[in-house]
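A.B. asks: First, the structure itself, so that you have it in front of you.
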Amino acid sequence: MALLELKHVVGGYGGAPILNGVNMAIEQSDIGVIVGPNGAGKSTTLKAIFGLLKVTGGTIEFLGESIANSLPDKLVPRGLSFVPQEKNVFTSMSVEENLEMGAFTRKDDFSETMQWVYEMFPVLAEKRRQPAGELSGGQRQMVAMGRALMSKPKLLMLDEPSAGLSPRYVIEIFETIVRVNQEGVGILMVEQNARQALAFASKGFVLAQGQNRFTGTGQELIADPEVAKSFLGG
Amino acid sequence: MTELIFFINQVVISGAVLGCIYALGAVGITLVFGILRFAHFAHSELMTSGAFFAFLLAALFASWGIVTPIPLGFVVLPIAMVMSAIFALGIDKGFYAPLRKRGAKPVILLIASIGVTLMVQGLIRLFFGAGSYSFFETETKDVFRVDLAWLGSTRPLVITEPQLLMIIVTVVSVLALHFFLTRSRLGKAMRAMADNADLAQVSGINTALVVRVTWIVAGALACMAGTMLALDVTLKPDLAFNIIIPIFAAAIVGGLGQAYGAIAGGLLIGFAESLAVFNWTMVLRPLNGVLPEWAQLPATLSFVPTEYKLTVAFVILVVVLLVRPTGIFKGASS
Ligand SMILES: Nc1ncnc2c1ncn2[C@@H]1O[C@H](COP(=O)(O)OP(=O)(O)OP(=O)(O)O)[C@@H](O)[C@H]1O
Ligand SMILES: [Mg+2]
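In order, the protein sequences belong to chains Z and B.
For this note's numbering, count along the first sequence from 1 and bump the result up by 509.
For this note's numbering, count along the second sequence from 1 and bump the result up by 59.
Below, the structure is given as structure tokens:
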């Protein structure tokens with residue numbers, strides 16, 4: 510039984526479906542990377558899993574139970590977290606308050622988790638009292654990830670975590686993602702820096718027009734001449 | 060010295076009282092705007108109905124022969140606030156929640172709230188008529204006169220018991236609100252949702268619960284503001300409807316969605332209104348002795364005639380928005 514399993518998922522924003530049969534299976538040990546052209550439905554796939562849009566067909570199972578059309582306040586306590594691509598921090602709130610909001614669904618003491626997040630992102634510990642809106646793009650991305658980790662998720666979903674970051678920060682954020690995965694958190698992420706991300710992906714999915722075109726390990730996809738030609742820019 | 064005391068009585072004390080009422084009303088409007096993104100016009104009716112709840116409770120207590128050292132209006136306030144909170148929740152459930160569910164735009168909700176205004180006001184008139192009532196029909200309004208002869212003032216410093224209590228109650232409530240918003244889990248969730256509602260949902264915050272808490276806080280504070288206004292002047296069906304403009308101005312001047320901004324805006328407009336209608340002749344009269352015949356001061360000399368008091372809020376609103384379009388505390392512009 511996979512941690513997360515999508516079978517023939519169909520869904521959209523009310524009009525014509527954007528997703529026309531997406532299939533995916535992720536284990537807790539996996540780093541899954543979704544790549545594909547603009548408008549392929551990559552972000553839509555993550556939103557569909559997270560209950561942010563209507564799923565009209567297929568099944569989405571998390572730990573063997575159907576979660577299709579469940580809302581985030583039910584999904585977060587079950588071990589699913591999501592970092593949206595944009596506007597993913599509470600800009601007027603301090604770094605620490607952002608982290609606390611990630612733990613909103615927890616009734617237990619979360620100070621240890623906060624410590625864990627601060628160890629992962631030492632720069633956030635320094636800036637814990639500062640409003641998140643005053644941080645640099647890379648640091649905001651760390652706040653966003655830290656917030657999502659505060660619920661102690663089994664699976665962390667990230668939408669283009671490296672978007673808008675300088676090359677140095679892209680490497681740093683990817684290294685962090687690998688580290689989070691080594692701490693036992695499954696990863697499912699969408700990436701534009703496809704080649705770079707597939708290099709460390711244990712599962713890769715090429716999405717086009719709301720369907721999987723290619724599925725394999727990251728290395729397999731990079732090595733596949735057809736994927737390389739059509740989706741990775743040669 | 061006499062003139063200074065007169066100024067304090069007329070401007071500082073009445074400005075503070077007015078400012079407190081505006082602030083408490085504006086905080087509710089700004090919180091509702093922050094969470095639900097619409098201008099809740101019917102806030103005035105939460106204030107007026109809250110005052111009527113308090114009035115009924117006070118009358119009930121008085122009929123039981125309960126006598127309290129402070130005005131009954133203040134004693135029953137906590138109960139009236141609970142009733143108002145429930146009333147606000149009911150209005151949301153009955154009118155706004157169904158519209159939100161259908162994805163209604165903010166302007167639709169605004170118009171619905173105008174409908175609620177008319178309805179609640181109609182209901183109040185149905186039960187209480189159009190006349191006015193006083194909290195002090197059976198009780199007396201204590202007036203503290205602080206003799207300041209030792210300072211060389213022939214006038215005493217005058218403050219009524221309700222006014223003094225009002226200022227104290229407002230300060231305590233604002234502090235309580237501050238601790239709620241900065242220390243409690245739900246208070247922080249409220250700020251988070253006002254900051255970024257989508258992300259609040261994604262974080263797993265129970266946004267429906269936050270909406271309910273917002274109405275509870277806004278309803279309770281509106282009741283407090285309305286009751287205090289009725290204690291200071293008289294209670295009538297259009298009690299708060301008449302001051303909804305300065306209250307909205309206070310919320311906007313402070314930056315919509317910003318609780319502290321609304322408090323600052325409320326105090327600013329309260330003081331400004333008191334100052335604007337202040338009769339300067341009362342203070343400057345001694346000058347008449349040195350001024351030539353043709354330049355004697357008129358009987359009343361104020362920045363704005365009393366009947367145009369309402370324009371003060373507008374002027375402040377326009378000036379602040381020209382200089383700082385997001386309000387003093389950088390609020391939402393949408
Ligand atoms: N909120 C929305 N309402 C309606 N249609 C939407 C919405 N968001 C996205 N779409 C449409 O869904 C399709 C897929 O969008 P999606 O954001 O999933 O693409 P993507 O693969 O993430 O692309 P990108 O690389 O640009 O992020 C697009 O045609 C887009 O126009
Ligand atoms: Mg996208």
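Ideal Cβ positions, reconstructed from N, Cα and C, are used throughout, including at glycine.
Note that the structure is a prediction, hence the values are computed from the model and not measured.
To the nearest angstrom, report how far apart Z/K556 and Z/K563 are at their CA atoms.
C.D. replies: Approximately 9 Å between the Cα atoms of the pair.
A.B. asks: Hey, how far is the Cα of B/S393 from the Cα of B/F97?
C.D. replies: Since pLDDT at B/S393 reaches only 37, below the 50 mark, its modelled position is unreliable, and no value is offered.
A.B. asks: Using a cut-off of 7 Å between C-beta atoms, extract the partners of B/V270 located in chain Z.
C.D. replies: Going along chain Z, no residue has its Cβ under 7 Å from B/V270, so there is no contact; the nearest lies around 13 Å.
A.B. asks: In chain order, what are the residues with a CB under 7 Å from some non-hydrogen atom of ligand 2?
C.D. replies: Here the list is Z/K551, Z/S552, Z/Q594, Z/D668, Z/E669 and Z/V699.
A.B. asks: Verify whether the separation of the beta carbon atoms of B/L21 and B/V276 is less than 8 Å.
C.D. replies: One cannot answer for residue 21 of chain B here, as it falls past the ends of chain B, which runs 60 to 393.
A.B. asks: So Z/E536 and Z/E570 are in contact, right, with Cβ under 8 Å, and what is the actual spacing, rounded?
C.D. replies: Contact flag wrong, Cβ pair sits at about 13 Å.
A.B. asks: Run the CB neighbour count on Z/N607, radius 10 Å, all protein chains shown included, and call it buried at 16 or more, exposed below.
C.D. replies: Looking at its Cβ environment, which holds 16 or more other Cβ atoms inside 10 Å, Z/N607 is buried.
A.B. asks: Tell me where the alpha helix (DSSP H) around B/T219 begins and ends.
C.D. replies: That residue, B/T219, is in no alpha helix (DSSP H); its beta strand (DSSP E) goes L216 to T219.
A.B. asks: Less than 8 Å between the C-beta atoms of Z/L658 and Z/L664, yes or no?
C.D. replies: The answer is no: Cβ separation not under 8 Å.
A.B. asks: Just by C-beta distance, which residues in the region 264–295 of chain B are closer than 8 Å to chain Z?
C.D. replies: Flagged, chain order: I264, N265 and T266.
A.B. asks: Please determine whether the Cβ atom of Z/A706 lies at a distance below 7 Å from any heavy atom of ligand 1.
C.D. replies: No, since every heavy atom of ligand 1 falls outside the 7 Å radius drawn around the Cβ of Z/A706.
A.B. asks: Going by DSSP, which residues form a beta bridge with Z/E514?
C.D. replies: DSSP lists Z/A534 and Z/E570 as partners of Z/E514.
A.B. asks: Taking the alpha helix (DSSP H) that Z/N690 belongs to, which residues open and close that run?
C.D. replies: Unbroken alpha helix (DSSP H) run through Z/N690: P676 to Q691.
A.B. asks: Ligand 1 heavy atoms versus the CB of Z/I527: any closer than 7 Å?
C.D. replies: At least one heavy atom of ligand 1 is nearer than 7 Å to the Cβ of Z/I527, so yes.
A.B. asks: Can you name, in chain order, every residue of its own chain whose Cβ lies under 7 Å from the Cβ of B/T127, other than the five neighbours on each side?
C.D. replies: V134.
A.B. asks: Among B/A358, B/A323 and B/F330, whose alpha-carbon lies nearest the alpha-carbon of B/T340?
C.D. replies: Comparing Cα positions, the closest option is B/A358.
A.B. asks: Would you decide whether B/W123 is buried or exposed? Buried here means 16 or more other CB atoms lie within 10 Å of its CB.
C.D. replies: So B/W123 ends up on the exposed side.
A.B. asks: Identify the residues that DSSP records as bridge partners of B/R204: which are they?
C.D. replies: Its beta-bridge partners are B/V217.
A.B. asks: Near Z/G560, which residues of its chain fall below 7 Å by C-beta distance, leaving aside the five closest residues on each side in sequence?
C.D. replies: The residues are N578, S579, L580, P581 and L584.
A.B. asks: Helix, strand or coil, according to DSSP, for B/F194 in the structure here?
C.D. replies: In the structure shown, B/F194 sits in coil (DSSP, three-state: anything other than H, G, I, E or B).
A.B. asks: List, in chain order, every chain B residue whose beta-carbon is nearer than 8 Å to that of Z/D582.
C.D. replies: Q260, G263, I264, N265 and T266, listed in chain order.
A.B. asks: Could you please give me the residues that DSSP links to B/L158 through a beta bridge?
C.D. replies: Answer is none; B/L158 lacks a bridge partner.
A.B. asks: What residues in its chain sit with their C-beta under 6 Å from that of B/A101, if we drop five residues either side in the sequence?
C.D. replies: Around B/A101: S172, V175 and T176.
A.B. asks: Grouping DSSP H, G and I as helix and E and B as strand, with all else coil, what is B/M60?
C.D. replies: B/M60 falls in the coil class under three-state DSSP.
A.B. asks: From Z/D539 to Z/T726, what distance separates their C-alpha atoms?
C.D. replies: Taking the straight line joining both Cα atoms gives about 10 Å.
A.B. asks: Buried or exposed: where does B/F92 fall if 16 or more other Cβ atoms within 10 Å of its Cβ makes it buried?
C.D. replies: So B/F92 counts as buried.
A.B. asks: Does any CB atom of chain Z fall closer than 8 Å to the CB of B/N68?
C.D. replies: No, B/N68 lies away from the interface with chain Z (no Cβ there is under 8 Å from its Cβ).
A.B. asks: Work out the CA separation of B/F330 and B/L63 for me, nearest whole Å.
C.D. replies: Distance between the alpha carbons of B/L63 and B/F330 is about 16 Å.
A.B. asks: Return yes when at least one heavy atom of ligand 1 lies under 7 Å from the C-beta of B/G162, else no.
C.D. replies: No - ligand 1 has no heavy atom lying nearer than 7 Å to the Cβ of B/G162.
A.B. asks: How big is the Cα-Cα spacing for B/A85 and B/F362?
C.D. replies: Cα-Cα distance, rounded: 25 Å.
A.B. asks: Please report the Cβ distance between B/G109 and B/T286, rounded to the nearest whole angstrom; I am assuming they are in contact, meaning their Cβ atoms lie under 8 Å.
C.D. replies: So it is a contact: roughly 6 Å between Cβ atoms.
A.B. asks: Could you spell out where the beta strand (DSSP E) holding Z/F744 opens and where it closes?
C.D. replies: This structure cannot settle anything about residue 744 of chain Z, because the visible part of chain Z is limited to 510 through 743.
A.B. asks: Check for me: the alpha helix (DSSP H) holding B/I375 runs from which residue to which?
C.D. replies: Unbroken alpha helix (DSSP H) run through B/I375: L369 to V382.
A.B. asks: How about B/R250: is its C-beta nearer than 8 Å to some C-beta of chain D?
C.D. replies: No chain D is present in this structure, whose protein chains are Z and B.
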